[in-house]
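What follows is a short report on a single structure.
Protein chains: 2
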Amino acid sequence: MGPLPRTLELFYDVLSPYSWFGFAVLCRYKNIWNISLQLRPTFIAGIMKDSGNQPPALLPRKAQYLERNDVRLLGQHVQVPVQFPKDFFSVILEKGSLSAMRFLTAVSMEHPEMLEKVSRELWMRVWSRDEDITEPQSILAAAEKAGMPSEQARGLLEKISTPKVKNKLKETTEAACKYGAFGLPITVAHLDNQTHVLFGSDRMELLAHLLGEKWMGPVPPATNARL
Amino acid sequence: MGPLPRTLELFYDVLSPYSWFGFAVLCRYKNIWNISLQLRPTFIAGIMKDSGNQPPALLPRKAQYLERNDVRLLGQHVQVPVQFPKDFFSVILEKGSLSAMRFLTAVSMEHPEMLEKVSRELWMRVWSRDEDITEPQSILAAAEKAGMPSEQARGLLEKISTPKVKNKLKETTEAACKYGAFGLPITVAHLDNQTHVLFGSDRMELLAHLLGEKWMGPVPPATNARL
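From first to last, the protein sequence lines are chains A and B. Numbering of the first sequence is given in the UniProt record's numbering, commencing with residue 1 and proceeding in unit increments. Numbering of the second sequence is given in the UniProt record's numbering, commencing with residue 1 and proceeding in unit increments.
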């Protein structure tokens, strides 16, 4: 038996493009590095409220930089087909991600094997094709694209307003806050006797260094480029 | 004759530890990549004022993250001997960097060959040994450590309150603002027909990708680890 894998928790929200970048990179490395990756759907608005932080795009010059430079260039570099939604403020600040993240929470509780794929399809909707992720039919469409049987998806959707699912999302969000989150994604690396918290999608080379694993860029050659 | 080197401008302030990381990495790569690196001493408080941004450490949870996690871990990874000053708020928010950045501006105008070394010694004072960088004798001590003759250093120090030096620092700060800066460092990459603006010290792998150069981590093996 080899050494026990170290655990990485990735706290993410599909409203956050940097969460997508972090998710894409870690999903590529999870079979290369000796790690166990736990995907933790989290509610970003809850993190912002609890920490007193503001979405970066509220500062006009940051919004410009994110849209014209950083998200675009990182999308090319990380090979994720990201596109800014046309009406960014309505999509991100008004419509939000509560139902989508409750749905992913239900997926994580009942069909964890589908969580990666459904998460990816929700990002593809909101952060690539500028499609809604708040209406029931939008969420069902993402689940269908991910390959989930429609009966199963409907069953999960019915559960998103139950206390069990709501509380689970709340607990995960509180856990992220306890780790010191003021935004998403955060990666919490549980190594031998240490826990490291890394904010954002741009500490993956540092993470490799902490793990003693090899960093081969955001698209490691051993895997096919996956979203 | 090989192809003309592409120009990178690094806008930095010694009050910013992330500027130090970016500076350290680019100074290591400047002789490896086909680039011309221009060091541009900038006044971070001017950037914050003009953009309406706030220093990240004003949000308590960010301050905690920066000190306990990010700056410490990046310091190890980038191999820069960074240490948080004990009285962070007094050093960063009250004392600031105006004289130090005016001094570096004078160095860049009259003895540009000394700019890299003097900048590094100022970071060593404020962000490694928790020493003052506002008093004349502090600045002279940094210049001396960098190997500048004391007569020369005194001459430059006398010039920091001249309109020529003050205006030059103002112009550089305004230039950074025109590139969209809301903090430091920013790296402005002038490639064939494109200009890319990269914020922070964590886009260097992306920069390599834009340049078509090889990324070998923050401490490329071809050079000795330099601060």
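Every residue, glycine too, gets a C-beta built ideally from N, C-alpha and C. As the structure is a prediction and not an experimental result, all values here were calculated from the model.
Query: Same chain only: Cβ atoms within 6 Å of V188 (chain A), ignoring 5 sequence neighbours per side; Result: E9, Y179 and V197
Query: Neighbourhood of D13 (chain A) by C-beta, 7 Å cutoff - its chain only, sequence neighbours within 5 removed; Result: S19, T42, F43, I44, S97, M101 and L184
Query: E171 (chain A) in three-state terms, based on DSSP; Result: helix
Query: Neighbourhood of I81 (chain A) by C-beta, 8 Å cutoff - its chain only, sequence neighbours within 5 removed; Result: Note on identity: in this sequence residue 81 (chain A) is Pro, with Ile being the wrong assignment. The answer, listed in chain order, is G75, M124, S128 and L227.
Query: Validate contact between the stretch 214-223 of chain A and the stretch 170-178 of chain B using beta carbons, cut 8 Å, 3 pairs; Result: no
Query: Whether residue 237 (chain B) touches A24 (chain B) by CB criterion (8 Å); Result: Residue 237 (chain B) is absent from the structure shown; chain B starts at 1 and stops at 227.
Query: CB contact below 8 Å: H77 (chain B) versus chain A; Result: yes
Query: Where K56 (chain B) falls: helix, strand or coil (DSSP); Result: In the sequence under discussion, the amino acid at residue 56 (chain B) is Pro, which differs from the Lys named in the question. DSSP places P56 (chain B) in helix when its eight states are reduced to three.
Query: Contact under 8 Å by Cβ, D202 (chain B) with D202 (chain A); Result: yes
Query: Beta carbon of S51 (chain A) nearer than 8 Å to that of A175 (chain A); Result: no
Query: Beta-ladder partner(s) of E9 (chain B), from DSSP; Result: B:Q38 and B:V188
Query: Where G212 (chain B) falls, given that 16 or more other Cβ within 10 Å makes a residue buried; Result: exposed
Query: Member of B:G22, B:S99 and B:I47 whose CA lies at the smallest distance from the CA of K159 (chain B); Result: B:S99
Query: Per DSSP, the bridge partner or partners of V197 (chain A); Result: A:V188
Query: Sufficient close CB pairs (3 or more, under 8 Å) joining the stretch 149-168 of chain A to the stretch 102-119 of chain A; Result: yes
Query: Where M101 (chain B) sits in the DSSP three-state scheme; Result: helix
Query: Residue range of the alpha helix (DSSP H) that includes H77 (chain B); Result: V71 to V78
Query: Close beta carbons around L140 (chain A), own chain, < 8 Å, minus the five adjacent residues each side; Result: S150, A153, R154 and L157
Query: L26 (chain A) vs L206 (chain B) beta-carbon contact at 8 Å; Result: no
Query: Min CB distance R61 (chain A) to chain B below 8 Å; Result: yes
Query: Nearest-angstrom Cβ-Cβ length linking K95 (chain B) and T134 (chain B), presumed shorter than 8 Å; Result: 5 Å
Query: Exposure label - G147 (chain B); buried when at least 16 CB within 10 Å; Result: exposed
Query: Buried or exposed (CB count within 10 angstroms, at least 16 for buried), P218 (chain A); Result: buried
Query: Residue closest to R6 (chain B), alpha-carbon to alpha-carbon, out of B:R120, B:P112, B:N31 and B:N53; Result: B:N31
Query: Straight-line gap, Q38 (chain A) to R61 (chain A) (C-alpha atoms, nearest Å); Result: 35 Å
Query: Inter-residue Cα distance where the pair is L210 (chain B) and C177 (chain A); Result: 36 Å
Query: 8 Å Cβ cutoff met for F21 (chain B) and I186 (chain B); Result: no
Query: Pick from B:W215, B:G200, B:M216 and B:K214 that is closest to N69 (chain A), judged by C-alpha positions; Result: B:G200
Query: Delimiting residues of the alpha helix (DSSP H) encompassing H209 (chain A); Result: M204 to L211
Query: Unbroken stretches of the alpha helix (DSSP H), 4 residues or longer, contained in the stretch 118-162 of chain B; Result: 136-145 and 150-158
Query: Interface residues of chain A facing V197 (chain B) [CB-CB closer than 8 Å]; Result: Y65 and N69
Query: P55 (chain A) versus K49 (chain B): straight-line alpha-carbon distance, rounded; Result: 19 Å
Query: Classification of W84 (chain B) by the beta-carbon crowding that lies within 10 angstroms, buried from 16 upward; Result: Looking at the sequence itself, residue 84 (chain B) is Phe, so the reference to Trp does not match. With 16 or more other Cβ atoms within 10 Å, it is buried.
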